[in-house]
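The sequence shown lines up with residues 63 to 310 when you count with my numbering.
The beta carbon of each residue, even a glycine, is placed where N, CA and C say it ideally should be.
This report concerns only the one structure given below.
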Amino acid sequence: MFAQILPAETFFAQLFGVPQLSGLISIGSFTFNGFDTAVLILLIISGLYAFARGFMREIISITALLFAAVVTLFVYGQFRFTARGLISPAELADGILILGTGFLSYFVAAIVMAKIGKTIGGEKPGFIDRLLGAAFGVARGLLVASLFVIFWSADYRASQDAREFNDYIASNPQSFPPDVVAKMPKSMRDQLEAEPTELPGLFVDSTFYPLLDRIGGVIRALPFADMRSYADRIKDGDLDGIAEEIRS
């Protein structure tokens with residue numbers, strides 16, 4: 063049979079990570095467990111939503127959101143102490159400043175970008191625009207699912223890294239004699255001595271997990287330290303320095 067739907071209890075067992083049960087849905091040579099089914103639903107919803115809106119509107123929304131984030135960081139960095147002097151407690155002042163600035167800047171940017179989008183693409187998205195939007199929606203769904211995989215498999219990855227480091231220590235005893243290992247921070251030694259962590263059950267026999275794990279690897283390799291540095295510089299008002307660095 064081309065497609066087979068298994069009982070509902072198998073769905074929930076797979077969704078919550080019971081590894082001994084087989085896949086929920088089989089389509090051709092592919093088997094989808096509960097996690098795969100949830101990812102499929104996410105991709106379909108995200109793809110259909112972006113198809114209905116069109117690629118241009120999706121890009122406009124993201125551009126407006128990024129603009130609002132930059133403006134909010136800048137305003138918060140420059141005026142947070144002024145706001146705290148007018149409003150107390152400080153947490154309330156920060157919340158009002160961040161939420162108010164973020165909402166207003168996003169609202170203004172969305173209106174401006176929407177008019178630009180209508181000028182470029184017309185009132186309604188065309189078929190090509192919708193197709194590109196659907197592809198964008200699927201990519202966004204994969205990104206969201208990859209972030210979930212990064213979070214849910216963090217302990218497993220840490221355990222794998224510890225095992226690889228243990229193997230490296232064992233193969234390089236001259237570089238890592240026992241006295242050097244003993245001087246390592248206790249948290250590191252505990253991790254090296256801990257029992258291996260198994261892959262979460264919902265990822266076992268998953269069709270999507272290998273792809274999402276590779277995407278997650280790309281995300282983890284991004285220069286988040288540099289991004290944080292740029293965010294701090296925006297907050298400090300160093301816009302000229304950032305612009306000059308980008309030009310060079």
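Who are the near neighbours of residue i in its chain, counting only those whose CB is closer than 8 Å to its CB and skipping five residues on each side?
i      : result
Tyr218 : Thr259, Glu260, Leu261 and Pro262
Ile122 : Ala172, Met175, Ala176, Ile178 and Gly179
Gly299 : Phe136, Gly139 and Gln140
Pro187 : Arg115, Gly116, Phe117, Met118, Arg119 and Gly195
Tyr168 : Ala126, Leu127, Phe129 and Ala130
Leu148 : Ala155
Ser150 : none
Helix, strand or coil: how does DSSP classify residue i here?
i      : result
Phe92  : strand
Ile122 : helix
Ile87  : strand
Leu261 : coil
Leu284 : coil
Phe189 : helix
Ser215 : coil
Glu306 : helix
Asn228 : helix
Thr269 : coil
Ile149 : coil
Phe238 : coil
Lys180 : helix
Asp298 : coil
Ser291 : helix
Gly116 : coil
Please name the residue, chosen from the options, that lies closest to residue i on a Cα-to-Cα basis.
i      : options                           : result
Phe129 : Lys248, Ile296, Met246 and Phe189 : Ile296
Ala220 : Asp252, Phe92 and Thr144          : Asp252
Phe213 : Lys245, Phe238, Ile281 and Pro239 : Ile281
Val132 : Lys248, Asp294 and Thr181         : Asp294
Would you kindly check if the distance between the Cβ of residue j and the Cβ of residue i is under 7 Å?
i      : j      : result
Phe270 : Asp98  : yes
Ser268 : Arg202 : no
Val211 : Gly278 : yes
Thr134 : Thr163 : yes
Asn228 : Leu254 : yes
Val200 : Leu105 : yes
Go through its chain and collect everything with a Cβ distance to residue i's Cβ below 6 Å, but skip five positions before and after it.
i      : result
Ser291 : none
Leu110 : none
Phe198 : Ala112, Phe117 and Glu120
Val101 : Ala207 and Phe270
Met246 : none
Pro240 : none
Since residue i and residue j should fall inside the 8 Å C-beta cutoff, what is the C-beta to C-beta distance between them, to a whole number of angstroms?
i      : j      : result
Ser215 : Phe265 : 7 Å
Phe94  : Ile87  : 4 Å
Leu159 : Arg142 : 6 Å
Ala256 : Ala224 : 7 Å
Which same chain residues, not among the five before or five after residue i, have their C-beta less than 7 Å away from its C-beta?
i      : result
Leu194 : Phe117
Ala152 : Arg146
Asp191 : Gly116, Phe117, Met118 and Gly183
Phe238 : Ile231
Phe92  : Thr269
Let me see if you follow: with CB-CB separation under 7 Å, is residue i close to chain C or not?
i      : result
Ile173 : Among the chains of the structure shown, chain C does not appear; only one protein chain is present.
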